[in-house]
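Respectively, the protein sequence lines represent chains A and B. Counting from 1, position 396 in the first sequence corresponds to residue 396 in this note's numbering; the numbering is continuous, with no gaps. Position in the second sequence (from 1) plus 522 gives the number in this note's numbering. Just below is one structure, and these are the notes that go with it.
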Amino acid sequence: MTPPRPEPADDAHGAHDAPVSVELTGITKEFPGTLANDRVDLTVRRGEIHALMGENGAGKSTLMSILYGMLRPDAGTVRVDGREVAFASPGDAMAAGLGMVHQSFKLFDSLTVAENVVYRAEPRRYGLVDRAAARRRVTELAAAHGLSVDPDARVGDLPVGVRQRVEILKLLHRGARTLILDEPTAVLTPAEADALFGVLRSLTDEGRTVILVTHKLREVLEGSDNVTVLRDGRVVARLRTADTTADEIASAMTGRAVELDRVHAPGSPGDEVLTVSGLATDGVRDAGLTVRAGEIVGIAGVAGNGQSELVEALAGLRAVTAGRVTLSGHDITHASAARRRLAGLAYVPEDRHAVGTAPAASVADNLAMGHHRTALSRKGVLAPKAVREHARALIGRFGVKASSPQVAASALSGGNLQKLLIGRELAHEAPLLLVEQPTRGVDIGAVQHIHDQLIAYRDAGHAVLLVSAELSEIRGLADRVLVMYEGRIVASYPKNEADERTLGLAMAGAAPDPAPSARKGA
Amino acid sequence: MFDSDLVLSALRALTPILLAALGGALCERAGVFNIGLEGMMLMGCFTAVATSWFTGSPWLGVLAAALAAAAYSLILAVGAVTLKGDAVVLGVAMNLLAVGLTSFLLRTVFGVQGTFDDPDLLGLTEIAGFSPLTWLSWAAVGVAAVLLSRHAWGLRLRGVGEAPDAAATLGVSPTKYKYGAVLVSGVLCGLAGAQLALGNVTLFSENMTAGRGWIAVVAVMLGRALPLGVLLAALLFGLAEAAGFRLQGLGLPQQATDAAPYVVTLIALFLTTARRRRTTGASA
């Protein structure tokens with residue numbers, strides 16, 4: 001799957017005697033209440049792909065922000081190409097030959113590719129921007145690095161994989177010798193990710209350096225030369241990729257042994273709970289699927305191919321323009337969200353901050369939401385004692401770490417907030433659970449916990465429809481896998497056929513089989 | 523009734539709207555929603571008249587109007603950009619404040635209420651049939667168009683308006699560009715006010731802008747913040763205003779004909795929102 005590259009007969013890449021391009025020594029940065037970086041040393045040599053790994057909150061972002069001039073360290077030194085530097089802004093870092101591709105792209109959607117690439121470093125002619133020269137420059141850079149892109153295309157019209165190329169071209173146009181990429185594959189198909197690594201390898205082959213900030217073990221193992229692992233703000237491991245394993249890195253990240261990518265045993269499906277036929281809404285066409293009791297159906301796909309719209313339509317947040325949806329025999333095609341919940345639907349939305357919870361409300365109130373009409377009120381008035389007990393019970397059962405049920409939900413970490421949200425929805429014991437991106441941005445430890453909860457829910461005889469951008473999650477949990485591409489369900493595979501390659505092809509729109517089973521309702 | 527005279531009077535009527543709308547378009551592109559055009563323009567009207575009266579030079583009046591309105595525009599720049607306040611609230615406040623402030627100054631400086639009008643007040647002399655500011659406004663359309671679409675400054679400004687974070691990561695300060703756009707809009711509104719008070723007429727009366735700044739805001743929307751689009755939109759309103767005068771001559775009540783530009787504004791807003799809704803609906 002990875003681009004073929006000459007196996008480093010010791011030290012072909014990032015050789016131990018290669019000059020150092022970035023050297024961080026004793027970097028310490030304290031925020032109120034947390035020591036984000038604690039005497040961190042990081043050495044990155046010219047020509048290597050260096051992976052910086054760690055869980056959320058381990059200090060990766062802080063460290064890279066310091067290197068890139070967005071934060072000042074409390075202590076420690078930064079050397080770039082041997083010279084000690086103190087960047088006051090990303091502009092200074094860029095001038096020193098650094099360049100960063102942020103996880104959320106920093107592009108101008110209404111401008112063209114060429115305009116985005118040359119922004120603030122425009123070729124001029126008669127005092128005006130020389131558009132022809134800008135186009136030429138983009139074409140040349142693109143051709144030289146295998147980053148094919150149309151210089152006149154509007155960035156807003158481009159798919160994410162191509163936008164990422166624009167980001168890289170931006171850095172190359174500015175002459176960046178060291179490229180920092182923050183979670184670059186979060187939005188890519190496996191094939192696009194492989195292509196990206198091919199590009200990165202060609203960049204290091206010509207003497208540039210790449211720092212990869214990521215939590216994805218597979219890519220690190222296949223694509224990097226060296227790995228530095230952070231935990232709780234400290235460096236806990238420096239590894240040569242060729243000499244390490246996924247388990248070793250994962251243990252270093254979490255501080256304990258973790259079982260990665262577990263594939264759970266399949267469930268034993270019963271009656272159909274959710275039946276969708278010919279469903280259409282904005283961004284979704286002719287979607288048909290069924291989910292049975294005791295079954296997890298996974299929907300795979302690159303973000304933006306209609307998964308969110310489909311789930312929103314099923315949850316009652318988006319009008320259905322055609323088709324029919326039944327839940328436990330009731331037609332809910334046009335029912336309100338409240339009616340759907342009464343009919344037996346629970347929902348864990350993708351955006352846990354804006355949709356899933358009310359950040360300013362307390363943990364107890366957040367846990368009560370959706371349960372407020374039934375168990376927690378007497379004659380329409382909330383019973384505070386019942387709310388408190390309900391909160392205490394769920395916090396204990398789902399391992400939510402909160403100092404008190406009265407603290408605001410916004411005080412919880414991402415993983416804990418997600419446990420709260422999933423716990424609240426599971427507690428409905430609804431026949432059908434819709435769950436989107438259950439572990440996005442959640443630490444490995446919490447991931448296991450959430451996966452176990454979902455499997456237990458399934459084994460208790462409930463139906464689960466799971467949407468995730470993480471293929472390993474889909475493959476580990478789902479009894480059947482559907483793939484969405486450009487608003488359609490293009491493929492359907494049973495658990496044992498859903499290998500990464502097959503899913504990857506289907507996600508890229510090249511399903512080997514037009515999936516007749518998906519058409520007749522999978 | 524549709525003849526060359528009508529077009530000529532339309533061209534005169536549109537100058538203040540065009541200048542203010544160009545300023546509004548720059549702000550829009552920089553990501554600052556500027557609905558304080560009316561107030562800035564009114565400040566320009568008063569300053570132009572007062573300066574022309576006391577110095578005897580309408581040209582100094584124009585210059586002072588530009589400076590005064592630019593200074594006034596700092597309320598929006600500081601409030602919306604530095605202090606991150608709500609630009610709509612600030613703009614409305616600026617418009618209300620300008621009415622009160624100029625009426626108050628009219629009383630204290632000239633000792634009159636309602637209108638200051640004197641044969642010795644010097645207005646702008648025309649060049650080849652139009653006010654020099656009218657010529658200037660047409661040149662400004664061309665300059666703004668080239669600047670926005672072809673100059674590095676325009677590219678950076680558009681970037682700032684669309685994604686300030688992205689501009690900042692590339693070393694372009696969104697604050698500076700937004701301040702620049704707001705100040706330029708102040709200058710343009712000052713010129714618009716000078717044209718209104720020393721070009722279209724030669725007098726100052728309370729609230730004499732009479733909604734032209736609001737119409738300019740609509741022209742920015744209709745013209746999609748493109749200089750040429752803004753020109754076309756302003757032309758539409760200029761025609762409506764000129765046609766209103768003409769209808770008055772045909773015996774229609776003044777109150778009805780004065781409403782012509784506002785009726786056109788409403789219709790234009792209805793039509794464009796309907797169109798936009800259709801296009802976004804189709805693209806989704």
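Heads up, the beta-carbon is just placed ideally off N, CA and C, and yes, glycines get one too. Since the structure is predicted, the reported quantities are computational estimates derived from the model, not experimental observations.
Element boundaries [alpha helix (DSSP H), containing R120 of chain A]: By one-based count along the first sequence, residue 120 of chain A stands at place 120. From DSSP, R120 of chain A is part of no alpha helix (DSSP H); its letter is neither H nor E.
Can you tell me whether G693 of chain B is helix, strand or coil according to DSSP? Counted from its first residue, the second sequence places residue 693 of chain B at position 171. It is coil, neither helix nor strand.
Examine the Cβ distances between the stretch 770-777 of chain B and the stretch 571-589 of chain B and report whether three or more of them are shorter than 8 Å. Touching, no, given that fewer than three Cβ pairs across the two stretches are closer than 8 Å.
Residue range of the beta strand (DSSP E) that includes V464 of chain A: Walking along the first sequence from the start, residue 464 of chain A turns up at place 464. It spans 463-467 - the beta strand (DSSP E) in which V464 of chain A sits, taken as one unbroken run.
Please identify, using Cβ separations under 9 Å, the residues of the stretch 88-117 of chain A that lie next to chain B, in order along the chain. Those residues of the stretch 88-117 of chain A that come within reach of chain B (Cβ to Cβ, closer than 9 Å) are S89, P90, G91, D92, M94, A95, M100, H102, S104, F105, K106, L107, F108, D109, S110, L111, E115, N116.
Please work out which residues of its chain come closer than 6 Å, Cβ to Cβ, to Q164 of chain A, disregarding the five sequence neighbours upstream and downstream, and give them in chain order. By 1-based counting over the first sequence, the position of residue 164 of chain A is 164. The answer is none, since no qualifying residue turns up.
Per-residue burial, D365 of chain A [other beta carbons within 10 Å of its own, 16 or more giving buried]: Numbered from its first residue, the first sequence carries residue 365 of chain A at position 365. Counting Cβ neighbours within 10 Å, D365 of chain A comes out buried, since at least 16 surround it.
At a Cβ cut of 8 Å, what residues of the stretch 653-673 of chain B count as close to chain A, listed as they run along the chain? The residues in question are V668, R672, H673.
If we cut at 8 Å on Cβ distances, does T691 of chain B have a partner in chain A? Against the second sequence, residue 691 of chain B aligns to sequence position 169. Against chain A, the CB of T691 of chain B has a partner CB under 8 Å away; the residue lies at that interface.
Of all Cβ atoms in chain A, is any one closer than 8 Å to the Cβ of D687 of chain B? Sequence index remark: in the second sequence, residue 687 of chain B carries index 165 (1-based). Interface residue, yes.
Counting contacts by CB-CB distance shorter than 8 Å, is G558 of chain B in contact with chain A? The residue you call residue 558 of chain B lines up with position 36 of the second sequence. Output row for G558 of chain B: interface = no.
For T794 of chain B, collect the residues of the same chain with a Cβ closer than 8 Å to its Cβ; drop the 5 residues on either side in sequence, then sort them by chain order. Numbered from its first residue, the second sequence carries residue 794 of chain B at position 272. Spatial neighbours of T794 of chain B in its own chain (CB-CB distance under 8 Å, excluding positions within 5 residues in sequence) are listed in chain order as M743, L744.
So which of A:Q418, A:V325, A:G156 has the shortest CA-CA distance to Q437 of chain A? Counting from one through the first sequence, the residue named residue 437 of chain A turns up at place 437. Out of A:Q418, A:V325, A:G156, A:Q418 has the C-alpha closest to the C-alpha of Q437 of chain A.
To the nearest angstrom, how far is the alpha carbon of P123 of chain A from that of S362 of chain A? As a first step, residue 123 of chain A is located in the first sequence; it is residue number 123 there, counting from the start. As a first step, residue 362 of chain A is located in the first sequence; it is residue number 362 there, counting from the start. Distance from the CA atom of P123 of chain A to the CA atom of S362 of chain A, rounded to whole angstroms, is 54 Å.
Cα-Cα separation between P516 of chain A and A300 of chain A, rounded to whole angstroms: Here residue 516 of chain A refers to the residue found at position 516 of the first sequence. Here residue 300 of chain A refers to the residue found at position 300 of the first sequence. At P516 of chain A the pLDDT is 45, less than 50, meaning the model places this residue with poor confidence and gives no usable figure here.
Could you check the C-alpha separation between L528 of chain B and V187 of chain A for me, to the nearest Å? If you number the second sequence from 1, residue 528 of chain B lands on position 6. If you number the first sequence from 1, residue 187 of chain A lands on position 187. In this model, L528 of chain B and V187 of chain A are separated by some 59 Å (Cα to Cα).
What residues from the stretch 717-749 of chain B come within 8 Å of chain A, judged by C-beta to C-beta, listed N to C? Closer than 8 Å at the C-beta level to chain A, one finds no residue of the stretch 717-749 of chain B.
I'd like the list of long-range same chain contacts for T244 of chain A, defined as Cβ closer than 7 Å, with 5 residues on each side in sequence excluded. Translated into positions along the first sequence, residue 244 of chain A becomes position 244. V227, listed in sequence order.
What does G681 of chain B reach in chain A if we use C-beta pairs closer than 9 Å? Along the second sequence, one-based indexing puts residue 681 of chain B at 159. Contacts between G681 of chain B and chain A, judged by CB atoms closer than 9 Å, involve F108, L111, E115, N116, Y119, R120 in chain order.
Any C-beta of chain A sitting closer than 8 Å to the C-beta of R678 of chain B? Numbered from its first residue, the second sequence carries residue 678 of chain B at position 156. Taking 8 Å as the threshold, the shortest C-beta distance from R678 of chain B to chain A falls below it.
Quick one: using the 10 Å Cβ neighbour count with 16 as the cut-off for buried, is D271 of chain A buried or exposed? As a first step, residue 271 of chain A must be located in the first sequence, where it is residue number 271. Exposed: under 16 other Cβ atoms inside 10 Å.
Consider the Cβ of E550 of chain B: report whether some Cβ of chain A lies at a distance smaller than 8 Å. By one-based count along the second sequence, residue 550 of chain B stands at place 28. It does not; no Cβ of chain A falls within 8 Å.
Residues in the same chain with beta-carbon distance under 8 Å from L679 of chain B, minus the five sequence neighbours each way, listed in chain order, please. Locating residue 679 of chain B in the second sequence gives position 157, counting from the first residue. Short of 8 Å from the beta carbon of L679 of chain B, and not among the five residues preceding or following it, lie these beta carbons of its own chain, in chain order: L548, R551, A552, L670, Y699, G702, A703.
At the level of alpha carbons, what is the spacing between E7 of chain A and E48 of chain A? The residue given as residue 7 of chain A occupies position 7 in the first sequence. The residue given as residue 48 of chain A occupies position 48 in the first sequence. Unreliable positioning characterises E7 of chain A in this predicted model, as indicated by a pLDDT of 40, which lies under 50. The coordinate reading is nonetheless provided below. For E7 of chain A and E48 of chain A, the distance between alpha carbons rounds to 13 Å.
Mapping the DSSP letters down to three states, classify E436 of chain A as helix, strand or coil. By 1-based counting over the first sequence, the position of residue 436 of chain A is 436. Looking at E436 of chain A - three-state DSSP - the assignment turns out to be strand.
Proximal residues of chain A, C-beta to C-beta of V694 of chain B below 7 Å: Walking along the second sequence from the start, residue 694 of chain B turns up at place 172. The answer, in chain order, is R120.
So is L169 of chain A in contact with chain B if we call contact Cβ pairs under 8 Å? Here residue 169 of chain A is taken as the residue at index 169 of the first sequence, counted from 1. With a threshold of 8 Å between beta carbons, L169 of chain A makes no contact with chain B.
Buried or exposed for D225 of chain A, going by 16 or more other Cβ atoms inside 10 Å? If you number the first sequence from 1, residue 225 of chain A lands on position 225. Burial call: buried.
Any chain A beta carbon closer than 8 Å to E684 of chain B: One-based indexing of the second sequence puts residue 684 of chain B at position 162. Closer than 8 Å to some Cβ of chain A, the Cβ of E684 of chain B qualifies, so yes.
Please check the pair L345 of chain A and L434 of chain A, which I expect to be a contact at CB under 8 Å, by giving their CB distance rounded to whole angstroms. Position 345 of the first sequence, counted from the start, is the residue given in the question as residue 345 of chain A. Position 434 of the first sequence, counted from the start, is the residue given in the question as residue 434 of chain A. Taking 8 Å as the upper bound for CB-CB distance, L345 of chain A and L434 of chain A are in contact here, some 7 Å apart.
Check whether the Cβ atoms of K29 of chain A and T62 of chain A sit closer than 8 Å, and answer yes or no. Taking the first residue of the first sequence as 1, we reach residue 29 of chain A at position 29. Taking the first residue of the first sequence as 1, we reach residue 62 of chain A at position 62. Yes, the pair counts as a contact, with Cβ atoms nearer than the cut-off.
Is there at least one Cβ from chain A nearer than 8 Å to S805 of chain B's Cβ? Against the second sequence, residue 805 of chain B aligns to sequence position 283. Any reading at S805 of chain B is ruled out, since the residue's pLDDT is 36, under 50, leaving its predicted position unreliable.
Strictly by DSSP, which residues pair up with D182 of chain A? Start at 1 with the first residue of the first sequence, and residue 182 of chain A comes out as number 182. D182 of chain A has A:V213 as its beta-bridge partners, per DSSP.
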